[in-house]
Amino acid sequence: MRTVFGSRCQQCWLRWNYSSTKQLSYSKKFSTAASPSVVDVSTLVTGLSNEQVKENPAIASYLAANFPNYGKSDESSSLSDEIVSEGMEGGFSTGGAAAAVADKNEEVAVAANNNNNINNIREMFSFQRDPKREDGSRACQRLREDFLIPGLIYGADPIKGIDSSSNHKLYVKTPWNQLQRELDRYHHNFESRVYDMTVYENPDDTESGTVHRVMPRDLQFHPILNKLYCVNYLRYFPGRIIKIPIVYINEEESAAMKRDGFIASVNRFIPCVVEDGVPIPEHLELECTGLRLKEVVRIDRIIFPDGVQPIKKINDQFLIGTVFGKGEGAGPSDNAAAPTDA
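Residue numbers (full-length UniProt numbering): 1 to 342.
So this is what it looks like as structure tokens:
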């Protein structure tokens with residue numbers, strides 16, 4: 001009798017190359033700690049300090065014997081980059097994709113990690129994919145095995161004279177480590193960021209790329225392994241609506257929030273329009289000073305930077321959430337039974 005895990009559907013899902021065995025080998029490979037300049041040696045051995053290692057050669061030799069990567073790791077490397085590099089050494093089936101990713105990865109990583117990007121727009125790169133040979137379930141599965149995530153660029157861009165017809169859709173494949181780096185940085189706010197996506201015609205040509213300003217859309221994850229499966233990109237231009245997340249500030253200035261109060265959020269993002277030349281904010285700040293228990297928080301507490309405005313459909317009654325928490329003067333129950341006389 002065929003079990004549930006032996007069904008054809010499960011076999012197709014589990015055929016993807018991100019197997020638990022490969023994840024285990026990666027975790028063993030990168031479980032050793034980084035150099036003392038990056039990570040404190042006490043994270044390796046409890047109670048041990050960097051000064052003791054310098055003073056006692058025996059301790060240093062012990063660490064070198066039991067932690068092979070101790071003192072040898074590179075601060076600029078990351079787990080996602082090492083995984084992709086290992087895939088490159090094994091040989092990708094996409095021709096020059098391995099060399100292209102290796103040549104561009106360091107350059108783009110430095111630019112993307114720079115906090116002084118113009119208008120707070122970060123950089124990524126991808127390659128065009130053939131809509132005939134690299135489209136469909138099996139073709140996209142082969143791309144994922146080569147650490148390339150399929151997707152497409154769509155949407156209108158009036159500045160460049162591009163309409164939203166299907167003729168202007170561009171099929172792309174993005175290196176997995178590029179996307180994972182941004183997901184690790186922004187998490188659920190990844191779709192609220194804007195990127196300059198450089199698209200190269202093929203992996204062998206990494207000089208004549210076309211830059212598209214895009215926002216990530218329609219993220220899909222593997223239902224079992226929770227790995228990134230597909231990412232599309234919507235063309236961005238000044239005036240297009242972008243949802244910006246909300247963060248709370250000055251919570252210590254609210255008596256209700258200091259007594260373990262919290263805001264039960266109704267809207268965690270605010271659709272906004274950012275003017276041309278204005279840095280796109282990573283978040284909008286909500287002023288919590290003076291918040292009281294059961295107070296309704298509306299948009300008037302949001303601090304909008306210059307050049308950033310909510311869309312016209314949002315009025316002054318736009319609801320952010322309500323403050324809940326412990327009541328004032330909370331104490332033992334007043335309904336406790338009084339002691340009876342014997």
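No residue lacks a Cβ here, since even glycine has one placed at the ideal position from N, Cα and C.
With respect to ILE302, LEU286 sits close: the two C-beta atoms are nearer than 8 Å.
When only Cα atoms are considered, GLY161 and ARG133 end up about 29 Å apart.
Bridge pairing for SER126: VAL199 [DSSP].
Cβ atoms of ARG259 and LYS326 come within 8 Å of each other, at about 5 Å. Spanning the alpha carbons of THR198 and ASN66 requires a straight line of approximately 43 Å. Here CYS140 carries a helix assignment [DSSP, helix/strand/coil]. Between GLY155 and LEU219, the C-beta gap is not smaller than 8 Å, which leaves the two residues out of contact. Bridge pairing for GLU287: ILE249 [DSSP]. Remark: fewer than three beta-carbon pairs, one from each stretch, lie closer than 8 Å, so the segment 208-216 and the segment 266-275 are not flagged as touching. Counting the other Cβ atoms within 10 Å of the Cβ of LYS294 gives fewer than 16, which makes it exposed.
In its chain, beyond the 5 residues on either side, PHE190 and LEU228 have a beta carbon closer than 8 Å to the beta carbon of LEU183. A Cβ-Cβ contact shorter than 8 Å links TRP176 with LEU148. One thing to note: ASN119 has its Cβ within 8 Å of the Cβ of GLY277. Going by beta carbons, GLU123 and ASP204 fall outside the 8 Å limit. The beta carbon of GLN178 sits closer than 6 Å to those of MET124, all from its chain and outside the five residues before and after it, given in chain order. When the alpha-carbon of HIS188 is set against those of LYS243, SER61 and VAL172, the nearest one is in LYS243. Check the Cα spacing between SER126 and each of GLU201, ASN56, TYR186 and ILE246: the tightest is with GLU201.
Proximity to PRO281 across THR46, SER61 and ARG193 peaks at ARG193, based on C-alpha coordinates. With respect to PRO150, LYS173 sits close: the two C-beta atoms are nearer than 8 Å. Secondary structure note for ASP205: it is in no beta strand (DSSP E), with a DSSP letter that is neither H nor E. Spanning the alpha carbons of VAL323 and THR210 requires a straight line of approximately 48 Å.
According to DSSP, residue pairing for GLN309 in a beta bridge involves VAL273. Annotated three-state conformation of ALA60 is helix, per DSSP.
VAL297 and ILE263 do touch by the CB rule: their CB atoms are close to 6 Å apart, below 8 Å. Between the alpha carbons of GLU51 and ARG181 lies a distance of about 34 Å. Considering only ILE224, SER254 and SER208, the residue with the shortest C-alpha distance to THR289 is SER254. ASN117 and ASP316 have their C-alpha atoms roughly 33 Å apart. The beta carbons of ILE320 and ILE246 sit closer together than 8 Å.
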